[in-house]
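The opening residue of the sequence shown carries number 820 in the numbering used here; numbering runs sequentially from there.
Ideal Cβ placement from N, Cα and C applies to all residues, glycine included.
So the structure is just underneath, and the comments pick up after that.
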Amino acid sequence: MPFNKGSVEMKSRNTSLPEPLADETLSSWLWRVNSSTPIPILSHERFNSQEGMIVTRDNRALEGDWFADRDLLNENEFTELFKKQFKLSHAWLSKRFPGFDRPVIPTQFRRAFCSQCFIESFRKLGIPVSKVQWCYLTKPFCDLHGIPLHDSSILFENFDDYTVQAFVSYWDINKFKEGCDKMREVGMLRHGLTFKVQRRLDKLTRLADKSGESVKVQMFVLTLMRAMMMPVLHHGYPKFALDYWGGDEAYARLSVYGSFYQEIYRSTCLARLYALYFSAIMLGWITRDQASRTLHENYYSPFCKDAMWSLLDESEILLGLLISELKIYETQHLNLSGLYIPKLIRLAYDA
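Below you can see the structure in the form of structure tokens.
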């Protein structure tokens, strides 16, 4: 078969070319390849050229600017150069880097990492490796270690050597590692509950894939997370989950509609973790009793569905938007009837 021939050709002519690891991102692997060649292909000049703070990129995106995704074969500008240099077939690359199968953090905001995975890959390979799972909006935890993901320094998101820069910044920036570790220690009960939610969602997504409904399942939960990130629920978040939400500058103020759709993208990993936590309460995946046992971690945090629906009901626009969006993504696995919406709200919004 042509694919096998291409694979054999790649191995015979490039025996020193590092094999992509399971779940490794395209940009991470390209940088590993670049680092292993006598004459690097990628220009070192790019490493020192800041492309602007995350807020700058956010403002550009709002104005309609498009950002190429360095982790997609058809958007990474260096893919063709590497294919020619190392005689790699498109089929070989496509099998190892098939793209994303879940809602992802836009490339201009992508900065999640697991410090334990970084350390383990550095010890094994001499260079840190980034994973595809860190790109997903509904995965605020490392699947392997079960710990919350961190946000790397906001200076490095679009650099070719992003993985190396993020790893170095974790160790070298003053108090950065200590701050990351402290964030993990606060709210450990909620973290444990939410990691179980992430695993449950993974299992449900795989089940829904059999009927072609996996995307709708993901989007149903993501829609709930969007609502949970609105300001009316911010008192339930730890303060540092909202710190540097977009960097040192303030985001452009958006309408309810703009905030509903955009906040999930430009938020911190920890904020997405809490959005998933509150979404699980709405779904009944975390019970009232379970949530109430975590109140010592944040006494102001809502711990039951009724309280959360009451908070959402303060904004007719938000509640109407949430219910209309959820209707689009209803399946046999997740639907409005399973949310136990209060009767008055259900009648008012035809839910």
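Pro-1050 - DSSP class collapsed to helix/strand/coil = helix
task = Just mark Asp-1169 as buried or exposed, buried being the case when its beta carbon has 16 or more other beta carbons within 10 Å.
result = exposed
Stretch pair the region 1018-1032 + the region 1125-1145: three plus CB contacts closer than 8 Å = no
For Leu-1008, the nearest candidate out of Trp-885, Ala-1167, Ala-1110, Lys-1124 (CA to CA) = Ala-1110
key: Identity of the residue in Leu-968, Leu-892, Phe-1039, His-909 nearest His-1152 by Cα   = Phe-1039
request  = Determine the direct distance from the alpha carbon of Ser-934 to that of Val-983, and round the result to whole angstroms.
outcome  = 12 Å
message = Between Glu-894, Leu-861, Ser-1033, Met-1044, which has its C-alpha nearest Asp-920's C-alpha?
response = Ser-1033
task = Drop a sphere of 10 angstroms on the beta-carbon of His-1115, count the other beta-carbons inside from all chains shown, and report buried for 16 or more, exposed for fewer.
result = exposed
message = Tell me which residues share the same chain as Glu-894 and place their Cβ nearer than 8 Å to its Cβ, disregarding the 5 neighbours each side in the sequence.
response = Ala-887, Asp-888
key: For Glu-1032, the three-state DSSP class (helix, strand or coil)   = coil
message = Ignoring anything shorter than 4 residues, give me the alpha helix (DSSP H) runs that lie fully in the region 956-996, in order along the chain.
response = 981-991
ask   = Tyr-1159: buried (16+ other C-beta within 10 angstroms of its C-beta) or exposed?
value = exposed
inquiry  = If we require 4 or more residues per run, which alpha helix (DSSP H) segments fall completely within the region 1059-1121?
reply    = 1075-1085, 1088-1102, 1107-1111
key: Residues near Tyr-1148 in its chain [Cβ-Cβ closer than 7 Å; skip 5 each side]   = Lys-1035, Met-1038, Phe-1039, Thr-1042
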